[in-house]
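Residue numbers (our numbering): 67 to 477. Notes follow once the structure below has been shown.
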Ligand code: ADP
Ligand code: MG
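Take a look at the structure:
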């Protein structure tokens, strides 16, 4: 197993850039993916959030572009697809930092940017394009983008893209890129939601990389839950945790409306916070994250849509004020804490109707999530019991869920 970047046979200009970014040694996913990608293999990689997947595909991509330099100006040779524009910008930023000693051109094509701006870009030579699937498809349809020169197709956060309903668009884009040489797919998880079927069509005999068994990653996260009797009780518990236990927290909510309500409540309680939500202009989102990152506020409210794939700074507490809609999203959320070997906390504040999801999460991560109490704020209701549910009931709900999925797909 490779221990140092220097063992990776990379161009010196790339090694210098890596060093200047402060990366001392490759993470596990990088050590495994970089050599395989440079050998020409397709890649199917999963590694938990925060383990350096971006550089795991950007570094070999940059190396390849230098090994096989273009002879004349022309369209993009590498296409990176990612679910959100924030993520696209972050990937592009990281790619530019790593490519700073080269002449390679890196661009983004995402929603929320004026068409005209992109139009100018497309007239110039591009080496790497980082794009969100929907927006890129619009460009292709309008004949403003051409995939014929794409040599590598890279899918980042494949699980999220499927989650967000980008599956069919990604399939179409892959067809557009049919002259590509390699396909690299990165995901936090490969379990569930059809990632397998998806990958089977896109990848040819991929090198399968499963870095850092996520169980070990999660070990450093202490997870527990509090039970709340009512919405008021829930809010009281949250305020207590934010003011007395947590240093820096991200609070997750399921909708923008819920986020707005909580924001008002926290303002009333004089707990400063910033927030990010879907459909927020880019500059405001960046600003909100910067305020949190710079320590101006210690609480960040977020919806799942807004936070997807963003490299948020380290936090002491991830708080599930609303439970996520799947166990998978839970793992994504709690991945925001305990980064870089630090310890972290994941707290769920649940009401009666959340127990089923809590139970599902515990089964999925194969860990017990323990209940904790806050003095003087104990719940008065009894804990609902789901574990004793009869097997038949479970089957029924499973069948229901399946048929739901199917009808959903047809749309
Ligand atoms: P992922 O996509 O797996 O969630 P990222 O690629 O966003 O993770 O990386 C998470 C953080 O780790 C980033 O801030 C990145 O700059 C940093 N990072 C990546 N690779 C290394 C490395 N080899 N050494 C130190 N830090 C790294
Ligand atoms: Mg990532």
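We put the CB at the ideal spot given by N, CA and C, even for glycine.
How about residue 222: is its Cβ closer than 8 Å to a heavy atom in ligand 2?
yes
Between residue 125 and chain C, is any beta-carbon pair separated by less than 9 Å?
The chain labelled as chain C is not found in the depicted structure, where only one protein chain is given.
According to DSSP, is residue 191 part of a helix, a strand, or is it coil?
coil
Looking at ligand 1, does it come within less than 8 Å of residue 87, judged from the CB to the closest heavy atom?
yes
Contact defined as beta carbons within less than 8 Å: I believe residue 340 pairs with residue 354. What is the distance between those atoms, to the nearest angstrom?
About 4 Å separates the beta carbon of residue 340 from that of residue 354, a gap short enough to meet the 8 Å contact definition.
CB-CB length for residue 208 against residue 145, believed under 8 Å:
At roughly 17 Å, the Cβ-Cβ gap does not stay under 8 Å, so residue 208 and residue 145 are not in contact.
Counterpart residues of residue 261 in DSSP-defined beta bridges
DSSP, once it has assigned bridges, lists no residue as partnering residue 261.
Residues of its chain near residue 160, where Cβ-Cβ distance is below 7 Å and the 5 sequence neighbours each way are ignored
120, 121, 124
Reference residue 78, options 117, 128, 94, closest by Cα:
128
Sequence-distant residues of the same chain with beta carbon closer than 7 Å to residue 230, five excluded per side:
Same-chain partners within the cutoff: 149.
For ligand 1, I want to know if residue 92 counts as a neighbour, meaning its beta carbon is within less than 8 Å of at least one of the ligand's heavy atoms.
Checking every heavy atom of ligand 1 against the Cβ of residue 92, one is found closer than 8 Å.
Going by DSSP in three states, residue 292 sits in which element: helix, strand or coil?
strand
Could you compute how far the alpha carbon of residue 331 sits from the alpha carbon of residue 298?
10 Å
Residues bridged to residue 196 by DSSP?
146, 174
Is the Cβ-Cβ distance between residue 141 and residue 192 less than 9 Å?
yes
Is it the case that the CB of residue 150 approaches a heavy atom of ligand 1 more closely than 8 Å?
No.
Let's test the definition: count the other Cβ atoms within 10 Å of the Cβ of residue 245 and tell me whether it reaches 16, buried, or not, exposed.
exposed
On the DSSP bridge assignment, give the partners of residue 218 in chain order.
144, 248
Is the beta carbon of residue 99 less than 9 Å from the beta carbon of residue 276?
no
Consider the C-beta atom of residue 232 and the heavy atoms of ligand 2; say whether any pair is separated by less than 8 Å.
no
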